[in-house]
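Undergrad: Please see the structure below; I have some questions.
Number of protein chains: 2
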Amino acid sequence: MAVQTVAPAADTPTVDLGPAVALSCRECGARSPLGPSFACPECFGPLEIAYDLPSGDPEALRKQIEAGPTNIWRYAPLLPVPADVASLPGLNPGWTKLVRADNLAAELGVTGGLHIKDDSGNPTHSFKDRVVAIAVQAARTFGFTTLSCSSTGNLAGAVGAAAARAGFRSCVFIPHDLEAGKVVMAAVYGGELVAIEGSYDDVNRFCSELIGDPVGEGWGFVNVNLRPYYAEGSKTLAYEICEQLGWRLPDQIVIPVASGSQLTKIDKGLKELIALGLVEEKPYRIFAAQATGCSPVAAAYKAGHDVVRPVKPDTIAKSLAIGNPADGPYVLDIARRTGGAVEDVSDAEVVDAIKLLARTEGIFAETAGGVTVGVLRKLLEKGLLDPAAETVVLNTGDGLKTLDAVAGTGPTATIRPTLASFREAGLA
Amino acid sequence: MAVQTVAPAADTPTVDLGPAVALSCRECGARSPLGPSFACPECFGPLEIAYDLPSGDPEALRKQIEAGPTNIWRYAPLLPVPADVASLPGLNPGWTKLVRADNLAAELGVTGGLHIKDDSGNPTHSFKDRVVAIAVQAARTFGFTTLSCSSTGNLAGAVGAAAARAGFRSCVFIPHDLEAGKVVMAAVYGGELVAIEGSYDDVNRFCSELIGDPVGEGWGFVNVNLRPYYAEGSKTLAYEICEQLGWRLPDQIVIPVASGSQLTKIDKGLKELIALGLVEEKPYRIFAAQATGCSPVAAAYKAGHDVVRPVKPDTIAKSLAIGNPADGPYVLDIARRTGGAVEDVSDAEVVDAIKLLARTEGIFAETAGGVTVGVLRKLLEKGLLDPAAETVVLNTGDGLKTLDAVAGTGPTATIRPTLASFREAGLA
Numbered sequence: 001m002a003v004q005t006v007a008p009a010a011d012t013p014t015v016d017l018g019p020a021v022a023l024s025c026r027e028c029g030a031r032s033p034l035g036p037s038f039a040c041p042e043c044f045g046p047l048e049i050a051y052d053l054p055s056g057d058p059e060a061l062r063k064q065i066e067a068g069p070t071n072i073w074r075y076a077p078l079l080p081v082p083a084d085v086a087s088l089p090g091l092n093p094g095w096t097k098l099v100r101a102d103n104l105a106a107e108l109g110v111t112g113g114l115h116i117k118d119d120s121g122n123p124t125h126s127f128k129d130r131v132v133a134i135a136v137q138a139a140r141t142f143g144f145t146t147l148s149c150s151s152t153g154n155l156a157g158a159v160g161a162a163a164a165r166a167g168f169r170s171c172v173f174i175p176h177d178l179e180a181g182k183v184v185m186a187a188v189y190g191g192e193l194v195a196i197e198g199s200y201d202d203v204n205r206f207c208s209e210l211i212g213d214p215v216g217e218g219w220g221f222v223n224v225n226l227r228p229y230y231a232e233g234s235k236t237l238a239y240e241i242c243e244q245l246g247w248r249l250p251d252q253i254v255i256p257v258a259s260g261s262q263l264t265k266i267d268k269g270l271k272e273l274i275a276l277g278l279v280e281e282k283p284y285r286i287f288a289a290q291a292t293g294c295s296p297v298a299a300a301y302k303a304g305h306d307v308v309r310p311v312k313p314d315t316i317a318k319s320l321a322i323g324n325p326a327d328g329p330y331v332l333d334i335a336r337r338t339g340g341a342v343e344d345v346s347d348a349e350v351v352d353a354i355k356l357l358a359r360t361e362g363i364f365a366e367t368a369g370g371v372t373v374g375v376l377r378k379l380l381e382k383g384l385l386d387p388a389a390e391t392v393v394l395n396t397g398d399g400l401k402t403l404d405a406v407a408g409t410g411p412t413a414t415i416r417p418t419l420a421s422f423r424e425a426g427l428a
Numbered sequence: 001m002a003v004q005t006v007a008p009a010a011d012t013p014t015v016d017l018g019p020a021v022a023l024s025c026r027e028c029g030a031r032s033p034l035g036p037s038f039a040c041p042e043c044f045g046p047l048e049i050a051y052d053l054p055s056g057d058p059e060a061l062r063k064q065i066e067a068g069p070t071n072i073w074r075y076a077p078l079l080p081v082p083a084d085v086a087s088l089p090g091l092n093p094g095w096t097k098l099v100r101a102d103n104l105a106a107e108l109g110v111t112g113g114l115h116i117k118d119d120s121g122n123p124t125h126s127f128k129d130r131v132v133a134i135a136v137q138a139a140r141t142f143g144f145t146t147l148s149c150s151s152t153g154n155l156a157g158a159v160g161a162a163a164a165r166a167g168f169r170s171c172v173f174i175p176h177d178l179e180a181g182k183v184v185m186a187a188v189y190g191g192e193l194v195a196i197e198g199s200y201d202d203v204n205r206f207c208s209e210l211i212g213d214p215v216g217e218g219w220g221f222v223n224v225n226l227r228p229y230y231a232e233g234s235k236t237l238a239y240e241i242c243e244q245l246g247w248r249l250p251d252q253i254v255i256p257v258a259s260g261s262q263l264t265k266i267d268k269g270l271k272e273l274i275a276l277g278l279v280e281e282k283p284y285r286i287f288a289a290q291a292t293g294c295s296p297v298a299a300a301y302k303a304g305h306d307v308v309r310p311v312k313p314d315t316i317a318k319s320l321a322i323g324n325p326a327d328g329p330y331v332l333d334i335a336r337r338t339g340g341a342v343e344d345v346s347d348a349e350v351v352d353a354i355k356l357l358a359r360t361e362g363i364f365a366e367t368a369g370g371v372t373v374g375v376l377r378k379l380l381e382k383g384l385l386d387p388a389a390e391t392v393v394l395n396t397g398d399g400l401k402t403l404d405a406v407a408g409t410g411p412t413a414t415i416r417p418t419l420a421s422f423r424e425a426g427l428a
């Protein structure tokens, strides 16, 4: 991540972002005021949100949440958003299905209960709608009029759609070689879409440059200068998983790693639920999943390193193809601290896993879902994941956006509309 | 629809389909026992489900529904399904968003409140998950082991996914010229997928032939021999719309017409809610939407006919391309009885409407959604729809499945990752 701060405009309005009280450095702990900043003014470390979370009766908070809307705004008391957020125009993502995956469990020998948290049910069919929804509130609060981002595809669609609905201009940046579905989806909402000749990491670097340029004034880059807010959206995955389990922590979670932000925030969300008394404390293990063609965190984990060495991505799992993951070291730390692991699977294993999940549970995942299900299988084979423990696997996107991955899949037969032709094809 | 009955197997188990008590002929009213039949044994008219619906305190029923799961099974007391349906393996569709479309309303001059019922949020991203979910329960009850259908695409995916999860074999039939996304989605769940050289109507005729053949024994064709059950799934759209409005009828609804079944069942659902006292009775108007390239019902409506003359479809709205709509006459009757209308839009208007909805509300609809939004606009222009009345428009599918319709949509510019290149492209 580029080390750079953006000073809040002098006319920044009084900030009402609910329980959020400050920005806090993840490295040195220094606090700074809420604003469109992403690096610590003291040490240039990454910033995250510090809260004054509701204290008192957990049962009352649980009831308040349960009475809320069936989207992420049921957790508004735990998020950096104004209290009336549910009434503002937005896509209202979240409260996606936690699918009990008994068929898949039987096939893989998982006996402790297996669930897929299926975020393809979000408005633009990826988990990115969660993080963008939070960033939109920050953008509104800080007076930005253009929403922007660097994206491997899913985020571009999520930003385009959210901007359209919430009344922002949008200008999003993508690598030039994305899947057709993601490109059309990013463009169809009518904002500016700019393709960059380069990798996602090139796009990201370009955006950091743009944000320091006068051209970028008034622009809220959801994953750059609004990143501390944006990233908090992933906490809602932790909240929903636990609430959908009946206010209970799972034993094991398998999470895909691109920048690593999602995994670190799910861990943060679980810790908050424990601290608030909303779930009973018990050990949980977090497993990180990468595609072998872009597995810098898995490589560091296996080598026993603390530092993540950037790679040049080469995988069909484009939504995870971040060669220089900003939160890589935090992922390593969490996997090691919780007794999890970081594992990777080849593109062929990704495709197999997409088909396995579709065939057993009727869920058509994008390549990132193939990565987590493939890693689940590999972890079981290696004895790193306990088959007798309750396990949740994330599917963060939709197979319709990565059709090429299963392009060989088509009709069993093509016939004339007659019984004779049906019989000739050997189908009777 | 082919006029043919399929006798229940002699060993049909005792039927427990909740409040469903019999099959009833829509033409002559004759009753027959619940079974895998679709045509009246007396007059060959189409059969539908007759219920013994809960009587008594509407407030208690309303509370029971509100305490139910956030999917169609909250309405189990009003559907032909066993009481424990929510605990059986299935995709659990429904409870999709009713989106308040203020931006679109402003653009079109609707002042009475405009909502999009967005069924792209279902598990396989179309409303078909609703009808298939009900058909699966009937198939289970009647002892079928293979799920089948004729499909314009969406249904094939819905059947494939539901069969995979619920433990059925599947074999589905599609026309050979469908969109790539729909073909892959129909195939990826691992069932048999058979492409037929012909139109949807040819596929449909072939399935009717197959069902009378020994080959089709043990096969539940969701939209043929299970059709009376299947069709009831569309009632849940009516239930959800009214509950999401706060247990209130809308004034006007715009519904797409393929076979016409969905529209007739939404009308049935609204009437049930009134009869049960769950909503206050008031007049409502139902508008039917077709693509001009397959508009036999609109043509009959405009000509003042009661009979629908079959056409050969030629439109990009393939999910509505049924040239010989079984429920066409009922659609005419409902539109006329409620003071609605039947209107159609050209393919160009469909594409415009897809972009309009995306740009204003961040919803990327498939072509069928372009048809309803396009028809909404046309009805307003013609003064047939009251802009001051509360209006709900259905989006029944997902834009990712009909990418070709907006294939021209892409990046504003492709640039090198430099500020200079950004400026050269005129984007700064």
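Just so you know, the sequences run in chain order H and C. Per UniProt numbering, numbering of the first sequence is gapless, rising by one per residue and ending at 428. Per UniProt numbering, numbering of the second sequence is gapless, rising by one per residue and ending at 428. For each residue, glycine too, the CB sits at the ideal point set by N, CA and C. Remember, predicted model here, so these are calculated numbers, not experimental data.
For a contact meaning CB atoms closer than 9 Å, what does L161 (chain C) contact in chain H?
TA: Sequence check: residue 161 (chain C) is Ala here, not Leu. Within chain H, the residues near A161 (chain C) are A358, E361, G362, I363 and F364.
Undergrad: For E48 (chain H), name the three-state secondary structure that DSSP assigns.
TA: It is a strand residue.
Undergrad: Taking its Cβ as the centre, do 16 or more other Cβ atoms sit within 10 Å of E179 (chain H), making it buried, or is it exposed?
TA: Per the 10 Å Cβ criterion, buried.
Undergrad: Mind checking if V15 (chain H) is an interface residue toward chain C, Cβ cutoff 8 Å exclusive?
TA: Chain C, which has no Cβ nearer than 8 Å to the Cβ of V15 (chain H), makes this no.
Undergrad: Between the C-alpha atoms of P283 (chain C) and G246 (chain C), what's the straight-line distance to the nearest angstrom?
TA: When rounded, the distance between both Cα atoms is 17 Å.
Undergrad: Among H:R130, H:A166 and H:C294, which residue has its Cα nearest to the Cα of E240 (chain H)?
TA: Nearest of H:R130, H:A166 and H:C294 to E240 (chain H), Cα basis: H:R130.
Undergrad: Can you give me, in chain order, the residues of the stretch 178–212 of chain H that have a beta carbon less than 7 Å from any beta carbon in chain C?
TA: So the close ones are A180, G181, V183, V184, M185, A187, V188, Y189, G190, E192, L193, V194, A195, I196, E197, G198, D202, V203, R205, F206, E209 and L210.
Undergrad: Would you call Q64 (chain C) buried or exposed, if buried means 16 or more other Cβ atoms sit within 10 Å of its Cβ?
TA: That one is exposed.
Undergrad: Within 8 Å of any Cβ in chain C, is that where the Cβ of G94 (chain H) sits?
TA: No, G94 (chain H) lies away from the interface with chain C (no Cβ there is under 8 Å from its Cβ).
Undergrad: Using a Cβ-Cβ cut-off of 8 Å, state whether T396 (chain C) counts as contacting chain H.
TA: Taking Cβ atoms only, chain H never reaches closer than 8 Å to T396 (chain C), which makes this a no.
Undergrad: Measuring only the C-alpha atoms, how far is F38 (chain C) from A105 (chain C)?
TA: Cα to Cα, the separation comes out at about 41 Å.
Undergrad: Please name the residue, chosen from C:G397, C:G109, C:A166 and C:G233, that lies closest to A389 (chain C) on a Cα-to-Cα basis.
TA: Ranking the options by Cα distance to A389 (chain C), first place goes to C:G109.
Undergrad: For R62 (chain C), which of C:A161, C:A365, C:L276 and C:V203 has the nearest alpha-carbon?
TA: Looking at the Cα atoms, C:L276 is the closest of the given residues.
Undergrad: Is I316 (chain C) near V350 (chain C), with beta carbons less than 8 Å apart?
TA: Contact flag set, yes.
Undergrad: For H176 (chain C), return the contacting residues in chain H, with the cut-off set at a CB-CB distance below 7 Å.
TA: Within chain H, the residues near H176 (chain C) are T414.
Undergrad: Rounded to the nearest angstrom, what separates L384 (chain H) and A341 (chain H) at their Cα positions?
TA: When rounded, the distance between both Cα atoms is 7 Å.
Undergrad: Check each candidate in H:V183, H:P19 and H:R26 and name the one with the smallest Cα separation from P329 (chain H).
TA: It is H:R26 whose Cα lies nearest to the Cα of P329 (chain H).
Undergrad: Out of H:C43, H:V279 and H:N225, which has the shortest C-alpha to C-alpha gap to A138 (chain H)?
TA: Minimum Cα distance to A138 (chain H) is reached at H:N225.
Undergrad: Using 8 Å as the threshold, is the C-beta distance between S170 (chain C) and G191 (chain C) below it?
TA: A contact, by the Cβ cut-off of 8 Å.
Undergrad: Assign S295 (chain C) to one of two classes, buried (16 or more other C-beta atoms within 10 Å of its C-beta) or exposed (fewer than that).
TA: Classification of S295 (chain C): buried, given that the 10 Å Cβ count is 16 or more.
Undergrad: For G397 (chain H), list the residues DSSP reports as bridge partners.
TA: Bridge partners of G397 (chain H): H:S126.
Undergrad: Around the Cβ of C40 (chain H), are there at least 16 other Cβ atoms within 10 angstroms (buried) or fewer (exposed)?
TA: It is buried - the Cβ of C40 (chain H) has at least 16 other Cβ atoms within 10 Å.
Undergrad: Which bits of chain H does P399 (chain C) rub up against, with CB to CB less than 9 Å?
TA: Residue 399 (chain C) is actually Gly in this sequence, not Pro. Simply V184, M185 and V188.
Undergrad: With a 10 Å radius around its C-beta and 16 neighbouring C-beta atoms as the bar for buried, classify V307 (chain C) as buried or exposed.
TA: Result: exposed.
Undergrad: Which bits of chain C does A223 (chain H) rub up against, with CB to CB less than 7 Å?
TA: Here residue 223 (chain H) is Asn; the residue named in the question, Ala, does not match the sequence. Those within 7 Å of N223 (chain H) in chain C number zero; the least Cβ separation is about 16 Å.
Undergrad: Can you pull the chain H residues whose beta carbon is under 8 Å from the beta carbon of A321 (chain C), in chain order?
TA: The premise fails here: A321 (chain C) is roughly 16 Å from chain H at the closest Cβ pair, so nothing lies under 8 Å.
Undergrad: Would R140 (chain H) pass as an interface residue toward chain C - the criterion being a Cβ-Cβ separation below 8 Å?
TA: So no, R140 (chain H) is outside the interface.
Undergrad: How big is the Cα-Cα spacing for K268 (chain C) and K235 (chain C)?
TA: Straight-line Cα distance between these residues: approximately 7 Å.
Undergrad: Looking only at its chain, what residues have a beta carbon closer than 6 Å to the beta carbon of Q262 (chain C), apart from the 5 residues adjacent to it on each side?
TA: The answer, listed in chain order, is S234.
Undergrad: Answer yes or no: does any C-beta atom of chain C fall closer than 8 Å to that of K271 (chain H)?
TA: K271 (chain H) does not count as touching chain C.
Undergrad: Can a CB atom of chain H be found closer than 8 Å to the CB of F422 (chain C)?
TA: Closer than 8 Å to some Cβ of chain H, the Cβ of F422 (chain C) qualifies, so yes.
Undergrad: Compare the C-beta of A368 (chain H) with all C-beta atoms of chain C and state if any pair is closer than 8 Å.
TA: So no, A368 (chain H) is outside the interface.
Undergrad: Considering only the alpha carbon of each residue, which of H:N204, H:I255, H:F144 and H:P33 lies closest to G374 (chain H)?
TA: If we check each option's Cα against that of G374 (chain H), H:I255 comes out closest.
Undergrad: Do three or more CB pairs link the stretch 79–99 of chain C to the stretch 203–218 of chain C at distances below 8 Å?
TA: In short, these stretches do not touch, since the Cβ pair count stays below three.
Undergrad: Tell me the DSSP bridge mates of I286 (chain H)?
TA: Per DSSP, H:I253.
Undergrad: Between the stretch 115–131 of chain C and the stretch 89–98 of chain C, are three or more C-beta pairs nearer than 8 Å?
TA: Yes, since at least three Cβ pairs between the stretch 115–131 of chain C and the stretch 89–98 of chain C fall closer than 8 Å, the two stretches touch.
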